[in-house]
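In our numbering, the protein residues as written are 12 to 116. Encoded as structure tokens, the structure appears first; notes follow it.
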């Protein structure tokens with residue numbers, strides 16, 4: 012098993028709460044609501060609204076956020092390019108999960 016790349020480490024240490032406002036802005040630009048964003052997060056992670064709020068308040072890292080998540084079995088069907096990389100080809104499991112969320116948003 013190879014060590015995580017510096018980018019993988021950076022993503023793992025990034026807090027969900029620091030990225031969440033950017034997700035809200037992104038969906039708003041697409042004419043969608045924060046409620047719809049939360050539906051997407053719930054679909055992917057299995058988290059309730061209360062659990063999402065808890066992760067925001069705790070400033071959970073993406074590593075902690077996805078460690079507690081029960082990933083939707085359909086997540087492996089998410090395809091496409093994000094940040095110049097094909098999501099389905101990302102080797103690091105945590106980075107792939109974060110990119111699944113990025114792709115859905």
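By construction, the Cβ of each residue, glycine as well, lies at the ideal position given by its N, Cα and C atoms. This one's a predicted model, so the numbers in the text were calculated from it and none came from an experiment.
Nearest-angstrom beta carbon gap, residue j and residue i [assumed within contact, 8 angstroms]
i           : j          : result
residue 67  : residue 49 : Rounded, the Cβ-Cβ distance is 11 angstroms, inconsistent with contact.
residue 116 : residue 37 : 6 angstroms
Secondary structure of residue i, DSSP reduced to three states
i           : result
residue 106 : helix
residue 80  : coil
residue 116 : coil
residue 41  : coil
residue 87  : helix
residue 15  : coil
Paired residues, beta bridge with residue i - DSSP
i          : result
residue 92 : 97
residue 59 : None; residue 59 has no bridge partner.
residue 26 : 72
Cβ shell of residue i (< 7 angstroms), same chain only, five flanking positions each side left out
i           : result
residue 103 : 15 and 19
Sequence-distant residues of the same chain with beta carbon closer than 6 angstroms to residue i, five excluded per side
i           : result
residue 107 : 101
residue 25  : 73
residue 76  : 27 and 66
Residue i to residue j span [Cα, whole Å]
i          : j          : result
residue 90 : residue 69 : 30 angstroms
residue 80 : residue 58 : 7 angstroms
residue 45 : residue 51 : 10 angstroms
residue 29 : residue 86 : 23 angstroms
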